[in-house]
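This report refers to the structure that appears directly beneath it.
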Amino acid sequence: MAEPAPSRPATGPAPVADDGDDPLLEGLNPDQRDAVLHHEGPLLVVAGAGSGKTRVLTHRIAHLVRTHGVSPFELLAITFTNKAADEMRHRVGALIGPVAEKMWVSTFHSACVRILRRDASRLGYPSSFTIYDQADAVRLTGYVIRDLHLDPKRFPPRSVHAQISAAKNDGLDADAYAARASAVFDRKIADVFVEYQQRLRTAGAMDFDDLLGVTVDLLRREPEVLDHYRRRFRHVLVDEYQDTNRVQNDLVLALAGEHRNVCVVGDSDQSIYRFRGADIRNILQFEEAFPDTTVIVLDQNYRSTQTILDAANAVIANNLARKPKDLWTAAGEGERIVRYHAEDE
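Following this note's numbering, the residues of the sequence shown are numbered contiguously, the last one being 363.
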């Protein structure tokens, strides 16, 4: 039986009055301030390149704790790399002190591991399940291809596993993938997928993609677990939302679906990971999932000159699937762009 979510522990600093002297707001531009001050309800921050989004996220977290009395224990902040998570934790700690260590600041995969270590047994996995890294997963795929007597030249293990991974990132399990497979080649991939997944289960193991998919499956199948984490994490914040895949989006929607205190930060113009399963529709359709979303655009750039930004704006304006914005800077026009034609490399 799931343990009850704890009541709000008094671990954060005492709330302070929200006034113009709040040091957390010093040096922020008006749009950044609006994003930091937003209290409850869904928030989409469209953050252009060099617009100070990390500062906004860290100051927003600190403001929730210091001004609104939100316990760090009730915050879940998701980034895409361990380095980024460490940096965010450090920067929040510099603002609110050691209580920041009580926050969950992690990657999607790390957060899912913590959830699964506690409750994966509900789905038949041991709590001490093994995690297969990329090399382990490709090696297992190779064994399956060999044992199914498939030609490894036609079915290279790395390529086959990439297709399995893509299917999982799109929310398809082995049976669903097999049901969709019609061409002979795809049916062979489906055979590998089914056997690959069976061997993982037999070994009490999950690959990286399973960490996400099994967590979403757990939350769907076990309402008690979902309720626990919804009450535990009263504010969910996600960085680089344009890089999320379908399963990661499903996880965010599940955790924030009741209290709706979800803040996602991203930029459709910076979506470059489609080859790794990223789905730009997650950020473009966020307002459909949460119709009462507040949208704040961070369009002031702190890295480049206006000449560079004008060129970038002109190029990116040709993209059809995007949130409109025009980056600008107070840094001045800068030097003209010079185009150089080289005769060779």
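Every residue, glycine too, gets a C-beta built ideally from N, C-alpha and C.
Predicted, not measured: the structure shown is a model, and the values here were computed from it.
Straight across, the Cα-Cα distance linking Ser145 with Leu158 is about 22 Å. For Asn187, the closest of Asp268, Leu62, Pro60 and Arg249 by C-alpha to C-alpha distance is Asp268. For Ser124, the enclosing beta strand (DSSP E) begins and ends at Trp122 to Thr125. With a beta-carbon spacing of about 5 Å, Val83 and Ile114 fall inside the 8 Å limit used to define contacts. Separation of the CB atoms of Ser286 and Ala296 is rounded to 11 Å, and the pair is thereby denied contact status at 8 Å.
Between the beta-carbon of Val178 and that of Arg217 there is about 14 Å, and that puts the pair past the 8 Å contact cut. Remark: C-beta atoms of Gly284 and Tyr259 approach each other more closely than 9 Å. With a threshold of 16 other beta carbon atoms within 10 Å, Asn336 falls short and is exposed.
Secondary structure in the region 243 to 331: the alpha helix (DSSP H) runs of 4 residues or longer, each lying completely within the stretch, are 264 to 274, 299 to 302 and 304 to 307 in chain order. The beta-carbon distance between Leu255 and Leu244, rounded to whole angstroms, is 19 Å. This is too long to meet the 8 Å contact definition.
C-alpha of Thr125 to C-alpha of Phe98: approximately 5 Å in a straight line. For Asp204, the enclosing alpha helix (DSSP H) starts and ends at Val202 to Thr220.
Residue environment: Gly66 is assigned as buried (16 or more neighbouring CB atoms within 10 Å of its CB, all protein chains considered). The residue among Glu306, Arg205 and Thr262 with its C-alpha nearest the C-alpha of Tyr291 is Thr262.
Taken in chain order, the complete alpha helix (DSSP H) segments of 4 or more residues contained in the region 41 to 82 are 48 to 55. Residue range Ala223 to Asp225 is occupied by the beta strand (DSSP E) that includes Asp225, with no alpha helix (DSSP H) assigned at that position. Each residue's CA atom was taken as its position, placing Val131 and Gly45 some 37 Å apart. Around the beta carbon of Val202, fewer than 16 other beta carbons sit within 10 angstroms, so the residue counts as exposed.
Rounded to the nearest whole angstrom, the C-alpha separation of Arg140 and Asp317 is 46 Å. Annotation for Arg109: Thr76 place their beta carbon closer than 6 Å to its own, counting only its chain and skipping 5 residues before and after. The closest CA to that of Leu166, considering only Arg205, Leu190, Ser128 and Gly111, is found on Arg205.
Ile182 is not bridged by DSSP to any residue.
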